[in-house]
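S.K.: Here's a structure for you.
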Amino acid sequence: MPQHEIIIESFSGHVRLIPPDPALDEMVALYRSHPETLKYLRVLPGKITTEEVRARRERRAEDSTNVDFYAFTVRPDGSLDEFIGITGILKIDRDQNSCEVGILVAPEKHEAGNGTEILYCVMKWLFEEQKIHRATYETAADNIPMQKWLEKTGIRLEAERKEAWRGFTSGEYEDVKGYAVLEWEWRERVKANLEARIRARWGL
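The sequence shown runs 1 to 204 under full-length UniProt numbering.
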């Protein structure tokens, strides 16, 4: 059974988030094991099987502190087209109205602007529907592309944690940078920044 039945659509109409689909476990395994993914997510195992993805999906579906979505592009007729990535909300704390957000865009879709629309969808849902006050993001200290992408939207660098992640294969510890956005920051600047980038992409 899916964890939820929530569907979120970008205002451009070109990207949609849906509940995790068991039929895509094999594709998720390929995305998570791809060298481009592992380049900056060295905390992940070098290889994950379809069975391990299934077990992880089912385990997370039972945990109320997690909400996962699969992202698709959308055809002009409104039907789903390509599976382009995953976004996961974790460490949901309803007492503090806070959470952490992770995003994994399909390696071949990094330059297409899909990540911006995925990020827009999930943050709009968090801040405007779920009334979350604070969302955080973490990335490896050497993941400069991710850092620049977050900073362009107005998401703040908030912390630099020394040796916070341990490489799954190497066993070596690495530094992590933590970013954060508050509800009022979303409302006052981040939302508009993302919408402007999406409009520019599609000529809206």
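All residues carry an ideal CB built from backbone N, CA and C; glycine is no exception.
Evaluate contact between the stretch 37-51 and the stretch 66-80, counting only Cβ atoms and requiring at least three cross-stretch pairs below 8 Å.
M.R.: Taking 8 Å as the limit for Cβ pairs, the verdict is that the stretch 66-80 does not touch the stretch 37-51.
S.K.: Pull up the distance between the alpha-carbon of Met-1 and that of Ile-89, whole angstroms please.
M.R.: Only weak support exists for where Met-1 lies, its pLDDT of 46 falling under 50; the value from the coordinates is given anyway. Rounded to whole angstroms, Met-1 to Ile-89 spans 18 Å at the Cα level.
S.K.: Please classify Thr-65 as buried or exposed, where buried requires at least 16 neighbouring CB atoms within 10 angstroms.
M.R.: Thr-65 comes out exposed.
S.K.: With DSSP run on the structure shown, which of helix, strand or coil describes Lys-177?
M.R.: Reduced to three states, the DSSP call for Lys-177 is strand.
S.K.: Straight-line CA distance for Ile-155 to Ile-8?
M.R.: Computed Cα separation, rounded: 21 Å.
S.K.: Kindly confirm or deny that the stretch 163-175 and the stretch 79-93 touch, where touching means at least three C-beta pairs closer than 8 Å.
M.R.: Cβ pair count under 8 Å is below three, so no.
S.K.: Between which two residues does the alpha helix (DSSP H) carrying Asp-25 extend?
M.R.: Per DSSP, Asp-25 belongs to the alpha helix (DSSP H) from 25-33.
S.K.: Would you identify the three-state DSSP class for Glu-5, choosing helix, strand or coil?
M.R.: Glu-5: coil per DSSP, three-state reduction.
S.K.: Please go through the same chain and pick out, in chain order, the residues whose beta-carbon is closer than 8 Å to the beta-carbon of Met-123, but skip the five residues on each side of it.
M.R.: Closer than 8 Å at the Cβ level, and outside the excluded window around Met-123, lie Val-101, Ala-135, Val-181, Trp-186, Val-190, Lys-191 and Leu-194.
S.K.: Would Ile-132 be called buried (16 or more neighbouring beta carbons within 10 Å of its own) or exposed?
M.R.: So Ile-132 counts as buried.
S.K.: Give me the Cα-Cα distance between Ala-141 and Glu-160, rounded to the nearest whole angstrom.
M.R.: When rounded, the distance between both Cα atoms is 8 Å.
S.K.: Given His-14, which residues of its chain have a CB within under 7 Å of its CB, disregarding the five upstream and five downstream residues?
M.R.: Correct list, in chain order: Thr-73, Val-74, Glu-117 and Trp-202.
S.K.: By Cβ distance below 6 Å, which residues in the same chain neighbour Arg-54 in space, the five residues on each side in sequence not counted?
M.R.: Excluding residues within five positions, the ones whose Cβ falls inside 6 Å are Asp-25.
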